[in-house]
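Asks:
Number of protein chains: 2
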Amino acid sequence: MPVSLKDVAARAGVSIKTVSNVVNNYPHVTPAMRARVQEAIDELGYRPNLTARHLRKGRTGIIALAVPELGNPYFAELATAVIDAAAEHEFTVLLDHTRGRREQEVLVSQGFRARVIDGLILSPLELEAEDLQGRSDDVPLVLLGEREYDTPHDHIAIDNVAAARAAVRHLLGRGRTRIAYLGARTDSANRPAHLRLVGWREELAAAGVPAPDDLVVPVGGWDRDDGARAMAGLLDSGVRPDAVFALNDLIAIGAMRVLHERGLRVPWDVAVVGFDDIAEGRFGAVSLTTVSPDKRAIARLAVGSLLRSLSGRGDPGGRTLTAEFRLVERESTLGRR
Amino acid sequence: MPVSLKDVAARAGVSIKTVSNVVNNYPHVTPAMRARVQEAIDELGYRPNLTARHLRKGRTGIIALAVPELGNPYFAELATAVIDAAAEHEFTVLLDHTRGRREQEVLVSQGFRARVIDGLILSPLELEAEDLQGRSDDVPLVLLGEREYDTPHDHIAIDNVAAARAAVRHLLGRGRTRIAYLGARTDSANRPAHLRLVGWREELAAAGVPAPDDLVVPVGGWDRDDGARAMAGLLDSGVRPDAVFALNDLIAIGAMRVLHERGLRVPWDVAVVGFDDIAEGRFGAVSLTTVSPDKRAIARLAVGSLLRSLSGRGDPGGRTLTAEFRLVERESTLGRR
DNA sequence: ATGAAAGCGCTAACAA
DNA sequence: TTGTTAGCGCTTTCAT
Numbered sequence: 001m002p003v004s005l006k007d008v009a010a011r012a013g014v015s016i017k018t019v020s021n022v023v024n025n026y027p028h029v030t031p032a033m034r035a036r037v038q039e040a041i042d043e044l045g046y047r048p049n050l051t052a053r054h055l056r057k058g059r060t061g062i063i064a065l066a067v068p069e070l071g072n073p074y075f076a077e078l079a080t081a082v083i084d085a086a087a088e089h090e091f092t093v094l095l096d097h098t099r100g101r102r103e104q105e106v107l108v109s110q111g112f113r114a115r116v117i118d119g120l121i122l123s124p125l126e127l128e129a130e131d132l133q134g135r136s137d138d139v140p141l142v143l144l145g146e147r148e149y150d151t152p153h154d155h156i157a158i159d160n161v162a163a164a165r166a167a168v169r170h171l172l173g174r175g176r177t178r179i180a181y182l183g184a185r186t187d188s189a190n191r192p193a194h195l196r197l198v199g200w201r202e203e204l205a206a207a208g209v210p211a212p213d214d215l216v217v218p219v220g221g222w223d224r225d226d227g228a229r230a231m232a233g234l235l236d237s238g239v240r241p242d243a244v245f246a247l248n249d250l251i252a253i254g255a256m257r258v259l260h261e262r263g264l265r266v267p268w269d270v271a272v273v274g275f276d277d278i279a280e281g282r283f284g285a286v287s288l289t290t291v292s293p294d295k296r297a298i299a300r301l302a303v304g305s306l307l308r309s310l311s312g313r314g315d316p317g318g319r320t321l322t323a324e325f326r327l328v329e330r331e332s333t334l335g336r337r
Numbered sequence: 001m002p003v004s005l006k007d008v009a010a011r012a013g014v015s016i017k018t019v020s021n022v023v024n025n026y027p028h029v030t031p032a033m034r035a036r037v038q039e040a041i042d043e044l045g046y047r048p049n050l051t052a053r054h055l056r057k058g059r060t061g062i063i064a065l066a067v068p069e070l071g072n073p074y075f076a077e078l079a080t081a082v083i084d085a086a087a088e089h090e091f092t093v094l095l096d097h098t099r100g101r102r103e104q105e106v107l108v109s110q111g112f113r114a115r116v117i118d119g120l121i122l123s124p125l126e127l128e129a130e131d132l133q134g135r136s137d138d139v140p141l142v143l144l145g146e147r148e149y150d151t152p153h154d155h156i157a158i159d160n161v162a163a164a165r166a167a168v169r170h171l172l173g174r175g176r177t178r179i180a181y182l183g184a185r186t187d188s189a190n191r192p193a194h195l196r197l198v199g200w201r202e203e204l205a206a207a208g209v210p211a212p213d214d215l216v217v218p219v220g221g222w223d224r225d226d227g228a229r230a231m232a233g234l235l236d237s238g239v240r241p242d243a244v245f246a247l248n249d250l251i252a253i254g255a256m257r258v259l260h261e262r263g264l265r266v267p268w269d270v271a272v273v274g275f276d277d278i279a280e281g282r283f284g285a286v287s288l289t290t291v292s293p294d295k296r297a298i299a300r301l302a303v304g305s306l307l308r309s310l311s312g313r314g315d316p317g318g319r320t321l322t323a324e325f326r327l328v329e330r331e332s333t334l335g336r337r
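Going down the list, the sequences are from chains A and B.
Numbering-wise, the first sequence is residues 1 to 337 according to UniProt numbering.
Numbering-wise, the second sequence is residues 1 to 337 according to UniProt numbering.
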């Protein structure tokens, strides 16, 4: 049923090559010939078979983006930016999610979930450097996020320590001195939460403000209910912070919900700063102050890095590319105007 | 560099066909032969080239999902469900967004954005039935959402009129009689907002409650700020509803933010019901009562319909498949427990 | 049970 | 400027 180049060629009474030339806008075709072929194309409703083209050229025009969870607005917004950045280069994006599970991340990184891609952008949570060792390197990989891996793959991130320090500095500037960090992870040292905790510690130390352990609060996950549970646990244990710096906006939002339930007023009783700048943070009853990573820049850097590997300019790889961030100050630290 | 069947065949000293048989688990292969070939496969690190396989079989194993906006959590959550549903059948999902723009939707529906797909799930906003006429039918299409099209494509939806009626009935049951509808569209009769408006009207009529025009509020888009603007405009014009039924949760959340700013208490002064049941609605200062469409069912129905078209069982098409919904009652109508 | 060979639709040398 | 042909890697008759 589908119309192929051969059919068009037969119809126009020319060779396959000529039709191919027209389809690909090869310059050296006489206008008359071009018109004749085009007519046949239109009459037959010919559309090139991209699978065949891809087999021939060894490229598919598809890159994959694998994030932990699309339900996390940060990743949804990031995915939007990646789709746009890819579209600028006429690439489409295959989306996958790993649920933040290591075995899923390994599968994705080794291309077992989607094996028709030119490149992969992976935002890992639990993946270990060793998981990347066994990787066959035919598909270029770019890593996203906070984790540092000593591997020959480019890595896109913001300066997490500096960002966390900016957040804590802002809270100190508002007169807060008992600033809880919501987002510690007990299981491993270099998990995503780590660098932000380092920033929290460094900034407090620089200001000469104590950083007692009971203000470092572990969370079980990255979602609103994890933040709510952590906040409730903290308050139940009798600790009373005057500010909270959360690993991400979702955790901050969960924490704010609990503060609200307990009758604590944000920011007067407890100020809150999040991380990610998701749209949701702008429209709560109390809008959320947050660290805003430049998601479009992250997307552009990731796609750019991938395309560079694809064009294979003797890419060294292993670079860390840094995107900007800024602190967006809203009601959860400033109060209502 | 990549290893092909031929390489493996040479290594194992057998024919290509035999290797292919092993790779595809063809039953009639002697164990000895299978072991020998497998050894060569492992040694060479052979991985099948899916592009070639696809060219041969005419299938790619990829379906596309095109939604208006991934930044809308409803669509992000739906996308998650579709990816999972597709994965169950070993399909991967190419994600695209249309920004709700008709020309983008037309492009996507005609396969111009991604032409290597076996099927397409499209959630249209502005697309018109006529846009689907010129479609070459080689790629099966399933439509999602409220719009009804008289076309030979399956359509997945919930009963929007019944859902809207349930929402309004709930508000009436809470003693509300001036229920504003936030989400009318002025531009066209059969836009997405229409059926829910019909439900609003029907339920009010059934209860003998007046439905004055000034309670039907147009919105400019589908996002939080559109809801905020609409709510502010309504209040500024002096209209004072005792409840709001919003086209979707984002609009409801924007409206609640404005009510909060104006010192109106939800639900005591104004009760609010949304539509979509996005996770965000559960964690605001006032949790949101909402109509919850069964997203997993929608995803399963859509993928199922596509696969049925693919296996080409003389599919008639043009059916409307209906998923369930339920009303989730929360603080924005019940108050705080 | 295994092998030989054709061909999916396309692009790119090379030839004319 | 246009045509001929090989071949991308795989599956699949058809032989053996």
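Glycine included, every Cβ here is placed at the ideal spot set by N, Cα and C.
1. Would you decide whether Arg337 of chain B is buried or exposed? Buried here means 16 or more other CB atoms lie within 10 Å of its CB.
2. Quickly, what does DSSP pair residue 351 of chain A with across the bridge? List them, please.
3. Reducing DSSP to helix, strand and coil, say where His194 of chain B ends up.
4. May I ask you to list, following chain order, the residues of the region 278 to 289 of chain A that have a beta carbon less than 8 Å from some beta carbon of chain B?
5. Can you list, in chain order, the residues of the region 71 to 93 of chain A whose Cβ is nearer than 7 Å to any Cβ on chain B?
6. Looking at C-alpha atoms only, which residue of A:Leu321, A:Val286, A:Gly221 is the closest neighbour of Val272 of chain A?
7. Ile179 of chain A: which of A:Gly335, A:Ala66, A:Glu202, A:Ala211 sits nearest, CA to CA?
8. Compare the C-beta of Gly254 of chain B against all C-beta atoms of chain A and say whether one is closer than 8 Å.
9. Buried or exposed: where does Gln104 of chain B fall if 16 or more other Cβ atoms within 10 Å of its Cβ makes it buried?
10. Any idea what DSSP makes of Leu5 of chain B, helix, strand or coil?
11. Kindly indicate if chain A contains any beta-carbon less than 8 Å away from that of Thr333 of chain B.
12. Hey, Gly71 of chain A and Thr51 of chain B are a contact pair by Cβ (cut 8 Å); roughly how many whole angstroms apart?
13. Between the Cα of Glu90 of chain B and those of B:Arg59, B:Arg326, B:Asp42, B:Asn21, spot the shortest distance and give me the residue it belongs to.
14. Can you say whether His28 of chain A is buried or exposed, counting buried as having 16 or more other CB atoms within 10 angstroms of its CB?
15. Would you identify the three-state DSSP class for Phe275 of chain A, choosing helix, strand or coil?
16. Could you say if the region 141 to 150 of chain A and the region 168 to 184 of chain A meet the contact criterion of at least three C-beta pairs nearer than 8 Å?
17. Based on the DSSP secondary-structure assignment, which residues constitute the bridge partners of Arg326 of chain A?
18. At a Cβ threshold of 8 Å, is Val116 of chain B touching chain A?
19. Is the beta carbon of Asp96 of chain B closer than 8 Å to that of Ala66 of chain B?
20. Quick one: does Leu95 of chain B have its CB under 8 Å from some CB of chain A?
21. In chain B, which residues lie with their C-beta within 9 Å of the C-beta of Ile62 of chain A?
22. Compute the Euclidean distance between the alpha carbons of Asp277 of chain A and Ala302 of chain B, then round it to the nearest angstrom.
23. Just the chain A side, please: which residues come within less than 7 Å of Thr51 of chain B by C-beta, in chain order?
24. List the residues of chain B whose Cβ lies closer than 7 Å to the Cβ of His260 of chain A, in chain order.
25. Do we get a CB-CB distance below 8 Å when we pair Pro2 of chain A with the residues of chain B?
26. So which residues on chain B does Arg224 of chain A lean against when the C-beta distance must stay under 9 Å?
27. Alpha carbon to alpha carbon, what distance is there between Val219 of chain B and Thr320 of chain B?
28. At 3 residues or longer, and completely inside the region 48 to 95 of chain B: list those beta strand (DSSP E) runs for me, N to C.
29. Say whether chain A places a C-beta atom closer than 8 Å to the C-beta of Ala189 of chain B.
30. So, does the CB of Arg319 of chain B fall closer than 8 Å to a CB anywhere in chain A?
31. Just to confirm the assignment, what range does the alpha helix (DSSP H) spanning Val142 of chain A have?
32. Check the DSSP bridge columns for Asp154 of chain B and list the partner residues they point to.
33. For Gly199 of chain B, I'd like the list of residues in its chain whose CB is within less than 6 Å of its CB, leaving aside the five on either flank, ordered along the chain.
Replies: Taking the geometry as given:
1. Numbered from its first residue, the second sequence carries residue 337 of chain B at position 337. Classification for Arg337 of chain B: exposed.
2. Absent from the model: residue 351 of chain A. The displayed extent of chain A is 1 to 337, so no value can be given.
3. Counting from 1 along the second sequence, the entry for residue 194 of chain B is found at position 194. It is helical.
4. Near chain B, meaning a CB-to-CB distance below 8 Å, the residues of the region 278 to 289 of chain A are Ala279, Glu280, Arg282, Phe283, Gly284, Ala285, Val286.
5. Within the region 71 to 93 of chain A, the residues whose Cβ lies closer than 7 Å to some Cβ of chain B are Gly71, Pro73, Ala76, Glu77, Ala79, Thr80, Ile83, Thr92, Val93, listed in chain order.
6. The sequence position of residue 272 of chain A within the first sequence is 272, counting from 1. Check the Cα spacing between Val272 of chain A and each of A:Leu321, A:Val286, A:Gly221: the tightest is with A:Val286.
7. For the purposes of this step, residue 179 of chain A is taken as the residue at position 179 of the first sequence. Comparing Cα-Cα distances from Ile179 of chain A to each of A:Gly335, A:Ala66, A:Glu202, A:Ala211, the minimum goes to A:Ala211.
8. Along the second sequence, read from residue 1 onward, the residue named residue 254 of chain B stands at position 254. Chain A contact via Cβ: present.
9. Position 104 of the second sequence, counted from the start, is the residue given in the question as residue 104 of chain B. Under this definition Gln104 of chain B is a buried residue.
10. Against the second sequence, residue 5 of chain B aligns to sequence position 5. Of the three classes helix, strand and coil, the one that applies to Leu5 of chain B here is helix, per DSSP.
11. Counting from one through the second sequence, the residue named residue 333 of chain B turns up at place 333. For Thr333 of chain B, the answer is no, since every Cβ of chain A falls outside 8 Å of its Cβ.
12. Along the first sequence, one-based indexing puts residue 71 of chain A at 71. Along the second sequence, one-based indexing puts residue 51 of chain B at 51. The Cβ separation is near 31 Å, so there is no contact.
13. Translated into the one-based positions of the second sequence, residue 90 of chain B becomes position 90. For the residues B:Arg59, B:Arg326, B:Asp42, B:Asn21, the minimum Cα distance to Glu90 of chain B belongs to B:Arg59.
14. As a first step, residue 28 of chain A must be located in the first sequence, where it is residue number 28. With fewer than 16 other Cβ atoms within 10 Å, it is exposed.
15. Here the question's residue 275 of chain A lines up with position 275 in the first sequence. Looking at Phe275 of chain A - three-state DSSP - the assignment turns out to be strand.
16. With the rule of 3 Cβ pairs closer than 8 Å, the region 141 to 150 of chain A does not count as touching the region 168 to 184 of chain A.
17. Locating residue 326 of chain A in the first sequence gives position 326, counting from the first residue. BP columns for Arg326 of chain A point to A:Ser292.
18. Translated into the one-based positions of the second sequence, residue 116 of chain B becomes position 116. Taking 8 Å as the CB threshold, Val116 of chain B lines the interface with chain A.
19. Numbered from 1 along the second sequence, position 66 holds the residue referred to as residue 66 of chain B. Numbered from 1 along the second sequence, position 96 holds the residue referred to as residue 96 of chain B. Closer than 8 Å, so yes.
20. Translated into positions along the second sequence, residue 95 of chain B becomes position 95. Under the Cβ distance rule, Leu95 of chain B counts among the residues neighbouring chain A, one pair being separated by less than 8 Å.
21. In the first sequence, residue 62 of chain A corresponds to position 62, counting from 1. By Cβ distance, chain B contributes Ile62, Leu94, Ala114, Val116.
22. As a position in the first sequence, residue 277 of chain A is number 277, starting the count at 1. As a position in the second sequence, residue 302 of chain B is number 302, starting the count at 1. Answer to the nearest angstrom: the Cα atoms are 33 Å apart.
23. Your numbering for residue 51 of chain B matches position 51 in the second sequence. Within chain A, the residues near Thr51 of chain B are Thr51, His54, Leu55, Thr60, Val116.
24. Translated into positions along the first sequence, residue 260 of chain A becomes position 260. Those within 7 Å of His260 of chain A in chain B are Ala285.
25. Translated into the one-based positions of the first sequence, residue 2 of chain A becomes position 2. At least one chain B Cβ lies under 8 Å of Pro2 of chain A.
26. Taking the first sequence and counting its residues from 1, the one referred to as residue 224 of chain A is at position 224. Going along chain B in sequence order, the residues near Arg224 of chain A (Cβ under 9 Å) are Ala279, Glu280, Arg282, Phe283.
27. On the second sequence, position 320 is the one that residue 320 of chain B refers to. On the second sequence, position 219 is the one that residue 219 of chain B refers to. Cα atoms of Thr320 of chain B and Val219 of chain B: separation of roughly 28 Å, rounded to the nearest angstrom.
28. Unbroken beta strand (DSSP E) runs of no fewer than 3 residues, entirely contained in the region 48 to 95 of chain B, are found at 62 to 67, following chain order.
29. For the purposes of this step, residue 189 of chain B is taken as residue 189 along the second sequence, with counting starting at 1. Confidence at Ala189 of chain B is low in this model, with a pLDDT of 49, below 50, so the placement of that residue should be treated as unreliable; the coordinate-derived value is given next. With 8 Å as the cut-off, Ala189 of chain B does not count as an interface residue toward chain A.
30. Residue 319 of chain B sits at position 319 when you count from the first residue of the second sequence. So no, Arg319 of chain B is outside the interface.
31. Here residue 142 of chain A refers to the residue found at position 142 when the first sequence is read from its first residue. DSSP places Val142 of chain A outside any alpha helix (DSSP H); the residue lies instead in the beta strand (DSSP E), whose first and last residues are 141 to 144.
32. Translated into the one-based positions of the second sequence, residue 154 of chain B becomes position 154. As DSSP reads the structure, Asp154 of chain B sits in a beta bridge with B:Val142.
33. In the second sequence, the residue the question calls residue 199 of chain B occupies position 199. Around Gly199 of chain B: Val161, Ala164, Arg165.
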